[in-house]
Each structure stands twice: as structure tokens, then as C-alpha cells.
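Asker: Pasting a structure here, questions to come.
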Amino acid sequence: MDILIILLLIFLNGLFAMAEIALISSRKSKLEQLARQGDIKAGKALELSKNPNTFLSTVQIGITFTGIFAGAYGGQRLAEILNGFLSPLPFIGHFSGIISILIVVLSITYLSVIFGELVPKRIALIFPETIASLMSLPMLYLSKINFPLVKIMSVSTEKILDLFQIPKAQDQPVSEEEIKLLIREGARLGIFNLAEKDIVERTFRLADKKVSTLMTPRNDISWLEVDATEKKTSQIITSKSYSYYPVCQKSLDKIIGLVRTKELLVHYLKEENLDLKKLMRKPVFVPESMNALKVLENFKKSGIHAAVAVDEYGYTAGLVTITDLLEAIVGDIPTVDEQEEKDIIKREDGSFLVDGLLSIEEFKEYFRIRKLPEEQTGSYRSVGGLITHLLGKIGKEGDRLDIPHFNLEVMDMDGNRVDKLLVRRK
């Protein structure tokens, strides 16, 4: 009977320890979801989590009293019983009292640590929300029964914290880095596939990207002259596969509209006379330094999924479309004509042939580079621009330079522009 009472006290200690760890480890979002689904116990667990002082005081009172009773009752009663067995024995009979107390204390301590602490806490860590919900009602009842003691302990704790000017605990918002770590861990465990992980990480990076890193640069823009002949216009749109074309007056710096390829094709199918002024839409202008997410919001509001990026002097710097933003999230989406064209080609010797127009963001992401030399100056946006900036002159074939962990070599020039370069790891 005495042993059963001690085991019961240890079991109660384990319940208190389990409840404490379960509520602390529970995800509030999970409890809120269960509560919305009609789980009353989860709602009570949320109520406890909002008042941690009361809950922790209740748990501590329970753990303290069960521990004291188990030690005091067990130490006295079981030691007397064990002493009766040991006292008649030769050699140890004279020390039977001390030995009995030592054996009882060690046994109760072992059982209390294993079954009253470690095992319940491990179980609580495995099923935190479930156990927190199950234990919520008993803990609420105990807190009401022991209200005077709980109140005294809670007030005492708060006064001591105030004395040492320790701020009260507050819910910490989940950071972007924590979400990324959770997604990576989920991908490692097979909960998410790698494509999902990459999309989430790119979505976060989109907020840090500027239009200048996503747009089609000025030199690569195909544009339509507003007064050009229909034959000339058809030659331009059939030679490229763009979704939007700027309509200009004599110069790319005088854009008067944007026209969709789809509308041009409908016109040709109807065999109507081409009038770009009727087909074009009013252009949307954005600074090349604008945040990519703001451009996306602009597209949603205007209904026009292309914008002209201008530099600080008001000149055309490039053209950004909804496809550019989508590719920043899901990766490159090449057209049929682009299937064989790759910006980065890995060669048999382990080196890489890289297109000079590859953006700095894509270059860093592919080669896992944290920071490039003088990147903070904003003096270059492409890998070719990086070469030109670091060389301090117009490059030529064979020019080489070193950056941390990599050797770069100019392989081909397109006029004054670096067309291809070779990248080798050091």
C-alpha cells in the first residue's frame, strides 16, 4: 500500500511535468486551428497560454507538493520497513538505518526523475497540442481551487521581475529566416519537394529585388516605330517572341504606348489595316530602382502586365513584364526558341560558360555567392557589367580577373559588351 501511494504521487508529478512542457511547446497556431474546428479543450489550452503566470504557478504548486509528500512519506515509511529486513543481517545491521534511508532516497529519486520528469516530458514534446488540450481542464480547475496560493505566487513572481527590471515575456513574431529554416527542414525530411522549397525562397527574395535586376535591358528591347510600315512591323514581331512591344516615336526614349503581341496577331488574322495608335495602351513607367513587389501591385491595379523602367534621368532603362516577375519566383520559363539557349553551361572540365547578360542575382544564386566585390555601389547589374566594372575598362577576349573563390575569363565580346565568360572555381 505504501509503495502504491508513492507511485501515485510520482505519477501525479509526471502529469504536472507533462502539462507544463506540453503547453510551453504547443504551437499557438495549431491550438487556434483546433479551437476553430470546435475543440473546446484546445480553446481552454489557449486560455491557459494567455496567462502563463497562473498556469506555471499551478503546475509548480502541484510538482512541489507531490515531491515533498513522496519524499517525506516514502522516506519515513519505506525506510522503517527496509530497516526491519536489514537490521538482523551481520556486518550491516549496525548501519541498517542509514543504509535503508540511502536506498529509499535513491530509489524514489530514480523513479521520480524517470517516471515523474523525463518520460512525461518526452511524451509531451512528441504530442504537445494533444496533451495540452487534454490537461487544460484539470489545470484550470486546480488553478481555481488553489487560487489563493496561485495568486500569491504569481504576484510574488511579477514583483521580483519588476525589482530586477526584467520585461514581461511577449509573443515573438515568426521571422522570415525561421520560415526558411522550417521549409528547408521540411524539404530535407520529404514533407516538401525541392521545387516547393525553391519557390518559397525565391518569393521571399522577390521583395528584396529591384526592377533593374529583372527587366529586359535597353539594348535587348525590340520596339515598334509608330509610323513604320506594316511590313516592317510584321518583320519585327515575327523575328522575336516577346509578349509586349513598346511603340515609340523615332527613339526608345520616346515611348508613347505598349502593344500586346496577341492584339497584333488578331489584327493580322482579321486582315485589317494596321494602326498602332489604336492598338496600343498607355505605357506605365516605373523607376528601375522600384521594388519588384510594388511593380507586381502596379500590374494588378492597372491591368497592364508590362512597364517601362526608366533611370534617374528619365531615359528608358529596360522593360519589365509579368513574366519576368513570375520567372523570379519559379525560375526560367524558356520558350520553344530558347530551349537550347542556357545562360550557364557546365563543361566537362568542371568550368562554366556563362552568358554576360546573366543577372548578378542569378549568378550569385547559382554559384552560392554571398557577396561580390563592390556590389553595394550598384555600378553593375549583369555578370558582363561586373567584368567591365572590375577591369575598369572595356574588356577584350582573354582578359582575366579573380573574385573570392572564382577565376573569371572573357571568352567572347559582342562589340563593347562581354558576351561570354568562363568561370572556374579556385
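Residue numbers for the sequence shown, in UniProt numbering: 1 to 426.
Positions of the beta carbon are idealized from the N, C-alpha and C atoms, including for glycine.
Only a predicted model underlies this, so the values are computations on that prediction, with no experimental measurement involved.
With a threshold of 6 angstroms on Cβ separation, who are the neighbours of ASP343 within its own chain once the five nearest residues in sequence on each side are excluded?
Answerer: ASP355, LEU358
Asker: Can you find at least 3 beta carbon pairs, one from the segment 312-332 and one from the segment 224-231, that sit closer than 8 angstroms?
Answerer: no
Asker: Scan the segment 97-142 and note each continuous alpha helix (DSSP H) run of 4 residues or more that stays entirely inside, going in chain order.
Answerer: 119-126
Asker: Give me the DSSP bridge partner(s) of SER251.
Answerer: DSSP lists GLN249 as partners of SER251.
Asker: At which residues does the alpha helix (DSSP H) containing LYS232 begin and terminate?
Answerer: 230-239
Asker: Decide yes or no for the touch test of the segment 186-201 against the segment 277-288: beta carbon pairs closer than 8 angstroms, at least 3 of them.
Answerer: no
Asker: CB-CB under 6 angstroms to SER379, same chain, minus the five flanking residues each way: which ones, in chain order?
Answerer: HIS389
Asker: Measuring only the C-alpha atoms, how far is ALA292 from ASN273?
Answerer: 37 angstroms
Asker: Please list the segments of the alpha helix (DSSP H) lying wholly inside the segment 388-423, counting only runs of 4 or more residues, in order along the chain.
Answerer: none
Asker: What is the DSSP secondary structure of ASN273, reduced to helix, strand or coil?
Answerer: coil
Asker: Whose CA, out of ILE101, PHE69, ASP253, lies closest to the CA of GLY84?
Answerer: ILE101
Asker: Nearest to residue 443 by alpha carbon, out of ALA317, ARG260, LYS197?
Answerer: This structure does not reach residue 443, given that the chain is present from 1 up to 426, and the question cannot be answered.
Asker: Spatial neighbours of LYS396 within its chain, please: CB distance less than 7 angstroms, with the 5 preceding and 5 following residues excluded, ordered by chain position.
Answerer: VAL410, MET413, listed in sequence order.
Asker: How many angstroms separate the CA atom of ARG424 from the CA atom of LEU279?
Answerer: Take the alpha-carbon of ARG424 and the one of LEU279: they are about 49 angstroms apart.
Asker: Let me make sure I understand the geometry here. Which of ILE179, TYR245, GLU230 has the alpha-carbon closest to that of ASP220?
Answerer: Of the candidates ILE179, TYR245, GLU230, TYR245 places its Cα closest to the Cα of ASP220.
Asker: For ILE344, name the three-state secondary structure that DSSP assigns.
Answerer: strand
Asker: Could you check what DSSP says for ILE221 in three-state terms: helix, strand or coil?
Answerer: coil
Asker: Can at least three beta-carbon pairs, one atom from the segment 46-63 and one from the segment 145-160, be found at a separation below 8 angstroms?
Answerer: yes
Asker: Taking the alpha helix (DSSP H) that GLY318 belongs to, which residues open and close that run?
Answerer: Annotation: GLY318 is outside any alpha helix (DSSP H); the continuous beta strand (DSSP E) that includes it extends over 316-321.
Asker: Pick helix, strand or coil for LYS210, following the three-state DSSP scheme.
Answerer: strand
Asker: Let's test the definition: count the other Cβ atoms within 10 Å of the Cβ of ASN193 and tell me whether it reaches 16, buried, or not, exposed.
Answerer: exposed
Asker: I'd like to check one pair, LEU34 with SER112: are the Cβ atoms closer than 8 angstroms?
Answerer: no
Asker: Please name the residue, chosen from GLY392, GLY350, HIS405, that lies closest to LYS364 on a Cα-to-Cα basis.
Answerer: HIS405
Asker: Between LYS44 and LEU140, which are expected to be in contact by the criterion C-beta below 8 angstroms, what is the C-beta distance as a whole number of angstroms?
Answerer: Contact between LYS44 and LEU140 holds: their C-beta atoms lie close to 6 angstroms from each other, under 8 angstroms.
Asker: What does the alpha-carbon distance come out to for the pair PHE352 and LEU408?
Answerer: 10 angstroms
Asker: How long is the line joining the alpha carbons of HIS305 and LYS420, rounded to whole angstroms?
Answerer: Those two C-alpha atoms are separated by around 31 angstroms.
Asker: What does SER359 pair with, by DSSP beta-bridge criteria?
Answerer: SER382
Asker: Could you tell me the distance, in whole angstroms, from the CA atom of ILE237 to the CA atom of ARG370?
Answerer: 39 angstroms
Asker: Start and end of the beta strand (DSSP E) containing PRO148?
Answerer: Per DSSP, PRO148 belongs to no beta strand (DSSP E); it is in the alpha helix (DSSP H), 147-163.
Asker: CB-CB under 6 angstroms to GLN339, same chain, minus the five flanking residues each way: which ones, in chain order?
Answerer: Because the pLDDT of GLN339 is 48, which lies under 50, any placement of that residue in the model is unreliable, and the number read from its coordinates should be weighed accordingly. Cβ neighbours of GLN339 beyond the five flanking positions: none.
Asker: If contacts are defined as beta-carbon pairs under 8 angstroms, then LEU258 and VAL266 qualify, I think. What distance do you get, rounded to the angstrom?
Answerer: So it is not a contact: roughly 16 angstroms between Cβ atoms.
Asker: Under 8 angstroms between the Cβ atoms of ALA309 and LEU319?
Answerer: yes
Asker: Taking the DSSP output, what are the residues bridged to LEU353?
Answerer: ILE345, LEU422
Asker: How would you write the range of the beta strand (DSSP E) that PHE91 sits in, first residue to last?
Answerer: Taken as a continuous stretch (DSSP letters only), PHE91 belongs to no beta strand (DSSP E), as it is neither H nor E.
Asker: DSSP puts TYR244 in a beta bridge; with which residues?
Answerer: Under DSSP, the beta-bridge partners assigned to TYR244 are ARG260.
Asker: Less than 7 angstroms between C-beta atoms, sequence neighbours within five positions excluded: which residues of the same chain meet that for ARG381?
Answerer: SER212, THR213, SER359, ILE360
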